[in-house]
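Q: Taking the numbering used here, I'd label the letters of the sequence shown as residues 1197 to 1388.
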Amino acid sequence: MALALVVAAVPLATMTAGASTTNGGQSANAPTVSIVEIQQNDSGTASPYAGERVTTNGTVTAVVPGGPGGFYIQDGAGEYRGVFVNAENPSAYAEGDIVNVTAPVEENFELTRLNLSAAEASAEKTGTASVPEPVVLNTTQVSQEAYEGVLVEVRNLTVTATPNQFGEWLVDDGSGELKTDDLDAGDSTTPE
1197 MALALVVAAV
1207 PLATMTAGAS
1217 TTNGGQSANA
1227 PTVSIVEIQQ
1237 NDSGTASPYA
1247 GERVTTNGTV
1257 TAVVPGGPGG
1267 FYIQDGAGEY
1277 RGVFVNAENP
1287 SAYAEGDIVN
1297 VTAPVEENFE
1307 LTRLNLSAAE
1317 ASAEKTGTAS
1327 VPEPVVLNTT
1337 QVSQEAYEGV
1347 LVEVRNLTVT
1357 ATPNQFGEWL
1367 VDDGSGELKT
1377 DDLDAGDSTT
1387 PE
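Quick look at the structure:
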């Protein structure tokens, strides 16, 4: 059994070319930074841009409808190259959309995200591209900060605990257990 996830892998929708969503956002006064710059922090797990409004772009790798609604964008494959974008209308985006996002960087339960729901935030689809290939990892590696928001694949899994009341279950490829659900993979092997 193999599991491909971006810390989320769910059904996707479509959006027309050139379409955008906005809460009045402009890119003025928002530095343009790469996703790697948003995610990588040598002195901790929080983004060095937490609390700041930035502009970045990437390819949509997964859409998360409903509750924690949003989508993941990624710039290439590898460490620190993915980030979650919190959005009120995630169904406006589809896997493969190239999106420019201007939004505040936030830390939410240790997950770095761009908050498209904030005032002065915007997103614009500028085209389409192939989704980056998933990074192949073992279950122990998935929980590393470097892969937060990155499309990954874990192979040769065994389910070691069936879903709990939150729809979370444990899987293991022999390197250590991983808690997962239909939205993400966490660093705890104990259901919360």
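Glycine included, every Cβ here is placed at the ideal spot set by N, Cα and C.
Quick caveat, the model's predicted, so the values are computed rather than measured.
Taking all protein chains shown into account, do 16 or more other C-beta atoms lie within 10 angstroms of the C-beta of Gln1235, making it buried, or fewer, making it exposed?
A: Buried, since its Cβ has 16 or more Cβ neighbours within 10 Å.
Q: With DSSP collapsed to three states, give me the class of Ser1339.
A: Three-state DSSP puts Ser1339 in coil, outside helix and strand.
Q: For Arg1351, write down the residues that DSSP places opposite it in a beta bridge.
A: The partner list for Arg1351 (beta bridge, DSSP) is empty, contrary to what the question assumes.
Q: With H, G and I counted as helix, E and B as strand and the rest as coil, what does DSSP make of Val1256?
A: Correct three-state label for Val1256: strand.
Q: Could you compute how far the alpha carbon of Glu1233 sits from the alpha carbon of Pro1244?
A: Using only the alpha carbons, I get a separation of about 8 angstroms.
Q: Contact between the stretch 1335-1345 and the stretch 1270-1283: three or more CB pairs below 8 angstroms?
A: Yes: the two stretches touch, three or more of their Cβ pairs being nearer than 8 angstroms.
Q: Any idea if Pro1227 is buried or exposed, counting beta-carbon neighbours within 10 angstroms, 16 or more meaning buried?
A: Its Cβ having fewer than 16 others within 10 Å, Pro1227 is exposed.
Q: Are the beta-carbon atoms belonging to Asn1311 and Ala1299 less than 8 angstroms from one another?
A: A contact, by the Cβ cut-off of 8 angstroms.
Q: Can you tell me which residues form a DSSP beta bridge with Gln1270?
A: Note: Gln1270 sits in a beta bridge opposite Thr1255 and Gly1278.
Q: Helix, strand or coil, according to DSSP, for Val1327 in the structure here?
A: Here Val1327 sits in coil by DSSP.
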